[in-house]
Every structure is written in C-alpha cells, then in structure tokens.
Amino acid sequence: MSRANFELLLRFGHHFFLLSTHRRTTNTGPRIGFAIMDADLSDDQIEELLARATARLQRKQTPQQLAISNPTQTFNFPKLNAGKLEKPYITTKGDIVSVDAKRLLEEKERKGANGIRKVEDPVTAKKAALEAKKATAGTSWFNLPRTDLTPQLKRDLQLLKMRNVLDPHRHYKKDGGKMKAPEYSQVGTIIEGPTEFFTGRIENKQRKKTFVEEVLAGEQETGRFKKKYGELQGRKTSGKKAFYKAMKANRKVGGVKKGSG
Numbered sequence: 001m002s003r004a005n006f007e008l009l010l011r012f013g014h015h016f017f018l019l020s021t022h023r024r025t026t027n028t029g030p031r032i033g034f035a036i037m038d039a040d041l042s043d044d045q046i047e048e049l050l051a052r053a054t055a056r057l058q059r060k061q062t063p064q065q066l067a068i069s070n071p072t073q074t075f076n077f078p079k080l081n082a083g084k085l086e087k088p089y090i091t092t093k094g095d096i097v098s099v100d101a102k103r104l105l106e107e108k109e110r111k112g113a114n115g116i117r118k119v120e121d122p123v124t125a126k127k128a129a130l131e132a133k134k135a136t137a138g139t140s141w142f143n144l145p146r147t148d149l150t151p152q153l154k155r156d157l158q159l160l161k162m163r164n165v166l167d168p169h170r171h172y173k174k175d176g177g178k179m180k181a182p183e184y185s186q187v188g189t190i191i192e193g194p195t196e197f198f199t200g201r202i203e204n205k206q207r208k209k210t211f212v213e214e215v216l217a218g219e220q221e222t223g224r225f226k227k228k229y230g231e232l233q234g235r236k237t238s239g240k241k242a243f244y245k246a247m248k249a250n251r252k253v254g255g256v257k258k259g260s261g
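Those letters in the sequence shown? Residues 1 to 261, by full-length UniProt numbering.
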C-alpha cells in the first residue's frame, strides 16, 4: 500500500476500520483500550475501502473545495448563439471610417425631413391654438361651440326668459336682470324615436321652426294676449281723457244723449 493511501486510510479510518474494545480493571479504575483489526484485510479490500471513502468525501465537498483539490479539472460551458447580428452603422476601410446615412433615421422621419415644411411664426401659432381652444367648451362639455347670437336666436332666448307669461297655469322661478346669452350653446332638432306613437306627434304643417312662430300660431287660435292687452289698457286709461272719449262714443252708438228726457 502506498504512503498516500496509507495517510488517507489513517485520516478516514473511523469509517471502515473494525475496532475492538476491551475493559481492563486496575487499581486506578476502568481502562478502555482500542486495537485496530487490520490483519484480516487484504489489499483488494483496502483499495475498495479507500475508493468508498474518496467517493463519500467528494459528495460532501462543495464545488469550490473540489476546484481547489482538483486544479486540473475543466468545465465545459454551453455556447451562446446570439443569432444574426445587425450590420453596424459604422464601417472601416483602411484608415477611412464611413457611416451608413440611410440607417440613421427612420423612414417616416426621413420623409418628413425631405418634404416641404411650413414655417410659422410661433407667436401667431400660439395665438391660433388659443383661439381654437376657446372656440369650444372642451371635451368635458361635449365640445359645445361658442354661441352665434343671431337675431332669430336672440328672440328665442328672450321668449325663454319670459316663459312665465306664455302659460298662466305654469309657474317658474323669476329670473331678474337682462337677458344674457350663454357663452357656449348649440341649437338642434328633436327627432322622434321609433317607439313614439303616431297620434302623439305634431303634423309637419303645424310644426314651427322657432319659438316665436309657435307663440304667434298659438295666439291666432286663442287670442289670449290680445284680450289681456285690452284689459291692461282699460285699467291704465281709466279716468283719463281717452277714457271719457271712448265712453261718449259708446253713448252715441247706443242712442243715448245728454240732457234728453
């Protein structure tokens, strides 16, 4: 057996040596003795035990310890396949370095750079953008346009303000002050839905385009405003010269003369 194997055998002998103990009694107390029973082991058995000890030791050691104990051991790493690489932008031919100008910009940016560009004054562009922003009420209010106050729309808004006199059976909250048109508004037409009954619709010849036309059409049917106007004028002119003239005219029509009897 070689010296190296013998030293390894001494180091890890407690794993595979047969030990025998015997108790001796002396005057000073019990005494324990150990004896190595290696006389019955052959060389093949010793080599087998050494191989087992070496394998057991290698299983317990970490990779770092194995690398230190076996410095000649090599590791094989898998090859990394990067695939097809992009062609570099810069190429060198001898002492000359050139750049591929076609790859510096994207096609969309290249078309914009090569096309015709309109140069605008930044002050004018900012003013136009501000006007476009003020032209509508914004996305929160469905982009309502600014009110185009035409004479027709102005009359309709005045009628809406005086809506409490249109129907005596409806009462609205009084709105004092002058009529002010809303800053943003839009006029539309209500379209009948498919579930609306036909008898509940107004005929086309009776439909009016504005509120003023609807009020005038209703006045022709009822005559309410004319009657109201006559009552108000009668109360206002009571006791005045025009009142007595009208009363004299009524007397003449009736055939009644002053001082007759």
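Beta carbons: idealized from backbone N, C-alpha and C, even for Gly.
- Within the DSSP bridge table, the entry for Pro145 names Thr136 as partners.
- In the displayed model, Thr91 falls within a strand according to three-state DSSP.
- DSSP places Val212 inside the alpha helix (DSSP H), whose first and last residues are 211-222.
- Shown here, Val123 sits in a helix according to DSSP, grouped into three states.
- A distance of 8 Å or more separates the beta carbons of Gln152 and Thr199.
- Residue pairing by DSSP places Ser98 opposite Thr91 in a beta bridge.
- Proximity of the stretch 179-193 to the stretch 141-161 meets the contact definition, three or more beta-carbon pairs being nearer than 8 Å.
- The three-state reading of DSSP puts Tyr172 in coil, since its state is none of H, G, I, E or B.
- Among the bridge pairs identified by DSSP, Tyr184 is matched with Arg146.
- Thr150 is positioned such that its CB atom lies no closer than 8 Å to that of Leu144.
- Under the three-state reduction of DSSP, Lys245 is assigned to helix.
- In terms of Cα proximity to Ser140, the closest of Val123, Tyr184, Gly188 is Tyr184.
- Taking each of Asp100, Lys154, Lys79 in turn and checking the Cα distance to Pro88, the smallest one comes out for Asp100.
- Assigned with DSSP and collapsed to three states, Asp167 falls in coil, not helix or strand.
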